Structures are given as C-alpha cells and as structure tokens.
Amino acid sequence: MRAVEEVGKGQTMSLQTYNTIIYDYVADIDNFVALLAENTEIKFSHYKNLLFAIFIMAGLLSIGIAVFTKHSLVTPIRRLRDAAREFTKGNFDTRVMMKSRDEIG
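In the working numbering, the protein residues as written are 38 to 142.
Next up, the structure:
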C-alpha cells in the first residue's frame, strides 16, 4: 500500500512540475497571441484609414471630372443652343464666341 502511495506522490509531483512548465509556455503563447492581435488591430486601422482616404480622393476626382466636363462640353453646347433659339426668333445678328477649335467650338 505504501508503494502505491509513493507512486501517487510521484505522479502528483510530476503533474505539478508539468503544470508549472506548461503554464509558463501558455503564458508566453498568450502574450504572443495578444501582441499579434494588437498588431492586427493596428494594421486594420491603418488600412481602414487608407481606404477612407482613397474614397475621399476618388470622390474629389469625380467632382473635378464633372466640373471639367460641364465647363468643356455642356457650357459651349448651351451657348450654341441659345444662339439657335435666337436664330429661330429671327435674330440673325447673334454671335457665339468659342475659344476651342474642336467639333463643339
């Protein structure tokens, strides 16, 4: 019976030693995982900010293209339309000043 108790004590001590060693490794692994999670959060935040900046720049570029298109295409066409309306009213002295040398003016 005493031999069984000695084996039981040895197993308990081995288990305690094992748990101590494992807990140290688990603590190191937990710290490593926490660092990875923090690093991932930081990278995600940077990518989110970058994506937001890209959307803002794309929006501003779209507005710039729309303003350029209006200025270079729509405004000359409106001038020509207004001159054509004046012609239909019989006012043949109407002139349209165009600065460009393309199909529109």
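C-beta atoms are modelled at their ideal positions from N, C-alpha and C, and glycine is treated no differently. Small disclaimer: the values here were computed from a predicted structure and weren't measured.
Between the alpha carbons of lysine 85 and isoleucine 91 lies a distance of about 10 angstroms.
The way I'd put it, the stretch 104-121 does touch the stretch 130-137; three or more beta-carbon pairs between them come closer than 8 angstroms.
A direct Cα-Cα distance of roughly 26 angstroms separates tyrosine 60 from glutamate 78.
In the structure shown, the three-state DSSP call for threonine 131 is coil. Under the three-state reduction of DSSP output, lysine 126 falls in the coil class, being neither helix nor strand. Going by C-alpha positions, glycine 101 is about 48 angstroms away from phenylalanine 69.
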